[in-house]
Each structure stands twice: as structure tokens, then as C-alpha cells.
Amino acid sequence: MASNNPYLITGAGTDVQPRLEIRKLILKDKQFALFVLAWNEIRKPDYKPPAARYGEQAGIHGMPYKTWLGDPAGQPKAGDRTFTGYCNHMSIHFPTWHRPAIMLLEQSIWEAATRQAQQYAKDNPTEASEWLDAANKLRFPYWDWTDPGDDSKFPKIFRDPRVKIRVPKGATEDHPNPLYTYDLGSPLPDGFRDRSSSEFDPEGRLPFNIPTAYFGSWKRTYRWPTHVKNNPTEQIDKLDSFLNRKSSSQGTASRGSWADLKKQVSSLFLYPENIAESDGAYVWDAFSNTGALSQPTEADWRNPGNSHYWTIARQLRGIASIEQPHNLVHLLVGGLGHMMDNDFASFDPIFFLHHCNVDRILALWEQAYPKYFMGNDGYIDKNGVKQQFKQIGGKFGWKDAPKKNPNDWREPTFSVNDLKGNTPLTPFRKADGSYWTSDDTRWGSKVPKNYTYEDIPVEKKLADPLRPTTGLFMNLSLAPSAALGDVIGDTHPPASRITPAENTRGGLQKLFGFNPVPARQHAYELLGESRKLIYPEIQKPRRADCDPIYDFRLWVMRIRVDPHMLGLSYLVNIGYRALDVTGNNILSGHIGSIAVLTRSKETQCAACQGRREEKVKSVYTIMIHHKTIAQMAVHSGEMHVVQLLQKSLSAEIALPDGTAIANTPTTLPPNAKPIPEEFTPEITLHSAALEARFDGTDHDRTKAQDHAPLTPCETYDWQFHGSLFPAQSWVAT
């Protein structure tokens, strides 16, 4: 390929094949062998074409801030400003831009794997068809971080420096494991430098120290490195500890961050289905990113209106975005290593397996909510004014308007660009030479992608654990010709037949652990017959065709933060400390974490600098598990849930390695050091009732059902319960 031609992203191979979970791909001997050999091959500094090299592709996401060689027509022209990145975070393009980014690496690996298979076939004619078939079927794998596996540890394939593969004639070879690390080369890529506390906090305003990240010294990518400049040790035991953090001091609740991740994904399938397609941009904005430009601020919620805008906002306010669990994986895997900073994260090979799983979740969401998308027309804001989704700076390939007055510091430094479904996703070009767009990436679009994901079986015991049965209840398929969420057997009366979209959403809610009726029934066992949780009075009626989920409310904290306040990524952890009636015994535990993924204050990323200049905030949500509420109530004797949570919840800010830097103590210590008010998160408490469309199952509809509805749960009657943790309650640790 001549250097003046683009590297077109057309999809791996010529037909549609499923991407496999990495632990399953390992079991496919020939596919896995080709995958290992091919990924190692495209890492070589002399691999051709240069645009297909892994190092070149890793550099698209951040450092070294050079245009990608696969898009030569997109190189800066005379008069254009310095290249400042392709950033697509906190943006409605976040999930769609990363789709061709994964396809690019998938295609490069497939091409190298095909050449290797052809060589094996030539040298071993009796095995030729097997190797060629393995290459044809090879697609990039994903890491399902909602599945802890049998041992609940960080998977072994990411821990081992070397890996054994099967080659022709039944032989075994030992090779470098491409999933373990990436050798950054010598010299390091341009811009790689150590990042110290003086860069993270150049004004010296924070009352705590931030350890140095030695990105300019480390010769390869690291996960959870010790804080040393040369040859750090990877603390994978700490990573395992975080993934298996217990949710209560009694050790009886589900695992910590494995459960956090699964719970956050389940929330993605609680979006309402009854919002009009013409209002789908609001839903897509809330789902696609943590910026949520079209959503009200926490201050707005203190005085909401009654317009159409507010009707939609009330339906969306307690539901997470796909960028939220994505961010948490970055910090859980990285610690203070490369994955915790978007300038360096994509050089760690696990970045791409992580994003492949994000893409799988996106595909499932698209099947469950096919009518919601960003569109090209923007949205109507709270004041009734039509707005376009915007991104300040970034998005190389769009010319920046010069400042009218170069000496006026008040004028924005960066241009403002509209974000639409037909906006170019630079630098990725498809088969006809034009840029991919978000419209092209949609799961149902006709633009070939040549991959899918395997069907997901949902067992009956998972769908309704209160009525233990065996066998298959539902098969969730992404095949274009398949009915969505096919239910096995005709279990529903014709008058109340469940729609395919409902099947899909209901199955996905249960697959990822959101199943409120069993949760309520188990809480009854904890509470006993003499105690009953007391909820706010329902203010909004349910739909006539729905059953309410009696004696249950969904409790959610909305967390609004400044993503740039520390100059590096950080965590906000929510926990609880419930006192018993004597005031002497404490029940404490972990509820959930949100992760703010960012770049340093000195980053070359124009979009990041633009958001910092505009003081853009990001929004997250944390669901409080019903079992945790019941445990707190039993321990404390407080049955009024609003008062229980207001008295018992706690919060802390922590670095990616888990070091707490600020918290909300029950009693302020005498030497407490307050943190600047602008650095404190805005955290508010909300709740909603739940309903599910009548599924045809025979039961007394005036009482709490004793089975999990086959239809998906929907929220209604959202209520605001006030702010938590005022600024003065936060102190440095």
C-alpha cells in the first residue's frame, strides 16, 4: 500500500463471524495460536503497512499526538493548528467512535493471521483446511468483566508473560504473551514523561500528595505498578483484592467490584421504552456518555419544571451511562499504571479487549432499544431552545475557526464543533474512502462490519429463581435475522404476548443481576415478620397494563463531579456505617464506586482542555442494593428508608490505587483539613417505584407477586430526597 493511500477499515474477512470471550478463544487451539502470532507480528517496528502496526494504532487514542498514518489525507495543512488528538470521551460519539477503532485492530490481526495460516497450509497440506478455516473465523476477543469466572480473580491469560500455543503436527511452541504487556520501545513514544504531583496539582491547592506516575521511565505497560521509577512490581494481588471487595462487614453480600460492574451494566437496561423516537436523542445522550449535555444539573433538580423536557428528564435521571462501567474498569485494572490515564491507556493490550466488551454491551443495548439514537437535529433544552450536541476542540479533521481577537483571553481557545449522527469519526475511513460516521456504526446499518457476538442463553433459574426450574428460558441473539430475545416455548397468553424488545430487555436485566422480586423476597427473610421497610408515599400512578413491584423502591445516588479537579483519574467510593440502637456497634460496608477517567492538566488533548476551560461536569449513578438496605435497617432499627440512608451513607475520594485522599467522617476530627469546595462531589439521593407489564402469569394482582415478572421492570414515580454530604463535611485523610 502506497503511503499516500488510506488504510480502509472494511472489517476482518469477508463474512460475519462471532467475536469470542478471551477465555473461550483460548480453547480454540488454532484460532488462539494465530491470534498470538499475528498480534506479535504487527508489533514489529518494520511491519508493513505501517498503518497496521499496533504501536501506530495505539497512538490514535492519545499520546504521541501525531496523526495516524492510515489517514494521510487528514494530515495538517498549511494554516491548520497543531494536531491535538481525536478525543471522544464525555461525548455522544464515545461508543460509536470506539467501534471502528476496535475493527481496525481486528482487521490488522486478521490480515497477519491469514498470512500465517496460508504459510502453515503450504507447509502442512493435510492440515491446510483447518488452519485456513481458523483464520477465516478469527475475530478480536473481548474480556467479559461482568463474569468473575470460577476463581473470581483477574484472568490468568493477562498475568502470564509467556504463553504456549499449538502449531502444526501437534507441536507446542512458547511465545511472548501479547495480552500481558506491550514493549514501548526505545526511545519511548514522543510525549511520554513522568507525571508528578506538581503537574497533577500545579497550583499546590490540594492538602495531600499525589504519587508520581513514571510514564516517562517505564519501558513497557504496567498494571498496578509499585511507585518506583525502575522495574516496578505489578501488584496483581491488590487488583484481585479490589475485584473481590466484600459489600458488607459481615462478608455475606456479593463481591465488591465484580458486583459493581455487573450492577452498573444492569442499569443500562432500565431505560424506559415508552419515550418517543423523536426524543431519542435525550436517551442516547444519557446512555452514551457521562457528560450528558442535555440533562439537568443537580441545581436544576432543586426546582424542576413541568415542560416536556422535564417529563423526559424525570424518566432518565437515575440511570447510568455505558461510559460509567467503562471508566471503572480502566481504574480497577490500571491502578496507577497506564490504563488509568487516557493519554497512555491504549498502549496496554487489555484496553482493546475491554473496549471490545463495551462494544458488545452497546450491541445488546442497540437490540433492546433500536429506536433511540443521537440523530442529526440536536435537542430542545430546559428553556425551550433548540441546541446541538457540542464538543469543544478535538475531533481532528475539522478546521478550527481562528480567534477574533488573539489577545482576548476570555475568548475560547478552541473551536466548538457540532456532534451528529453523520459527523465524520476521524481518522477512520470505510471501504468507499469516506470517513465512518456514527450512523454507519449502528448495529442495524447496512455498512458491513463482518463480526457479531455469540447468542446468550438465559436459564430459567436465573430468570425466576423463586420458581426453580431447569432448562433454557430465553436465547438472546444479535443475528440480524433472529427475533429479538426469543422466548423458548409459548408461555404467554395471546392477549398479553410480550414483544421482542421486551423479551430482550427483561432477559438482559436478569442476566446482569437486576431482579427485584427475588431481592425483595430475600430481604423479607432478613427483616422477619415484625419489621417492614417504610417508603415515601407514591405520588405518580402506574400504567394500567402494568403490575407494580409491591413493597420495593429503587434507590439511586446521582454523583456530579469535576472530572479535571485532580489532574488525574480518581474514584468516588460510597459506603455505609449503620449504628445499632445502643450506638456502640457499627455495621459498615461498600455500596459502589464510580471512576473518573481523565488526562493530566498538561495534556495536548484539545477536547479535554476545552471541557476543562468550560468547566464541564460529568454525571454518574450508583444503585443501592435492596439487601444492603435491609441489612442496615435490621442492624440500626431504622425502618424509614430515607432517614436510614441519610444517616448511614458515607463517601470518600480515592486515587486509582485505592489510597483515600478525602472522606466524610461521621464526626470531624480536631485536626481536620477541609478540601476546597469546588473539589467536592455533588451527591443527591433519588428513588423510584417499579412496575412490569402483566406477563400473563396467574397470580393475585392486588398483592406482591411471588415470581419474577417475565417482562422487564420499568421505573416510575421518581422522587428527589435531597443532597448528601455538603461541602463542609469533606476533609482530607
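Just so you know, we're using the UniProt record's numbering here: the sequence shown kicks off at 1 and counts up by one.
Don't be surprised by glycine CBs; every beta carbon is placed ideally from N, CA and C.
Have a look at the options and flag the residue whose alpha-carbon is nearest the alpha-carbon of residue i.
i: I629; options: Y620, T621, M639; result: M639
i: Y54; options: A112, K24, S91, P18; result: A112
i: L587; options: R577, N573, E682, M340; result: R577
i: D580; options: M90, G62, V634; result: V634
i: M632; options: R611, L533, S593; result: L533
i: F725; options: S648, W555, R442; result: S648
i: residue 734; options: S650, K122, A704; result: The first residue shown for the chain is 1 and the last is 733, placing residue 734 beyond what the model contains.
i: R611; options: P155, E41, D695, K390; result: K390
i: F352; options: N244, L104, I622; result: L104
i: A704; options: L566, Y524, S257; result: Y524
i: A58; options: Q388, I380, M339; result: M339
i: A708; options: S241, N136, R43, I549; result: I549
i: P427; options: P50, G70, Y47; result: G70
i: H93; options: E323, A259, H564; result: E323
i: Y180; options: S241, D700, E234; result: E234
i: A286; options: R314, R302, G305; result: R314
Would you report the Cα separation of residue i and residue j, rounded to the nearest angstrom?
i: F473; j: S600; result: 48 Å
i: P272; j: E714; result: 6 Å
i: S723; j: E652; result: 16 Å
i: T10; j: P424; result: 16 Å
i: T96; j: L527; result: 45 Å
i: A292; j: V731; result: 29 Å
i: D547; j: V517; result: 12 Å
i: L645; j: N584; result: 19 Å
i: R99; j: F679; result: 33 Å
i: A662; j: S196; result: 19 Å
i: I559; j: F720; result: 13 Å
i: A117; j: A134; result: 8 Å
i: S477; j: F154; result: 28 Å
i: L364; j: W68; result: 30 Å
i: L597; j: H89; result: 9 Å
i: E127; j: K169; result: 8 Å
i: A479; j: N450; result: 12 Å
i: K66; j: F83; result: 7 Å
i: K617; j: S91; result: 12 Å
Count the other CB atoms within 10 Å of the CB of residue i; is the residue buried (16 or more) or exposed (fewer)?
i: R162; result: exposed
i: P6; result: buried
i: V619; result: buried
i: L25; result: buried
i: H61; result: buried
i: N422; result: exposed
i: G149; result: exposed
i: residue 744; result: The structure shown has nothing for residue 744, since the chain only spans 1 to 733.
i: L508; result: buried
i: D717; result: buried
i: residue 743; result: Because the chain spans 1 through 733 in this model, residue 743 falls outside it and cannot be assessed.
i: N177; result: buried
i: R693; result: buried
Per DSSP, residue i is paired with what?
i: A662; result: I653, A732
i: C546; result: R693
i: W555; result: I624, S687
i: R360; result: Paired residues: none, contrary to the question.
i: S588; result: R577
i: N417; result: Q391
i: K164; result: D174
i: S321; result: Answer by DSSP bridge pairing: none, since S321 is not bridged.
i: A213; result: R195
i: E459; result: L472
Suppose the cutoff is 6 Å on Cβ atoms and the five residues either side in sequence are ignored; what does the same chain contact list for residue i look like?
i: L328; result: A595
i: F514; result: S266
i: I683; result: M557, I559, L724, F725
i: I622; result: M557, I574, G592
Can you name, in chain order, every residue of its own chain whose Cβ lies under 7 Å from the Cβ of residue i, other than the five neighbours on each side?
i: L138; result: Q31, L34, F35, W110, A113
i: V447; result: K430, D440
i: N357; result: Y142, W143, D144, W145
i: P325; result: L261, Q264, V265
i: H522; result: K627
i: P50; result: E56, L69
Using 7 Å as the cut-off, classify the Cβ of residue i as near or not near the heavy atoms of the ligand HEM, replying yes or no.
i: P161; result: Annotation note on the ligand HEM: not contained in the displayed structure, which lists no ligands.
Could you name the residues of the same chain whose beta carbon sits closer than 8 Å to that of residue i, not counting the 5 residues immediately before and after it, in chain order?
i: K238; result: W224, G335, D657, G658
i: D359; result: P95, H98, R99, I102, Y142
i: F192; result: M63, P64, L184, F215, G216, F344
i: P681; result: I559, R560, V561, V572, A651, I653, F725
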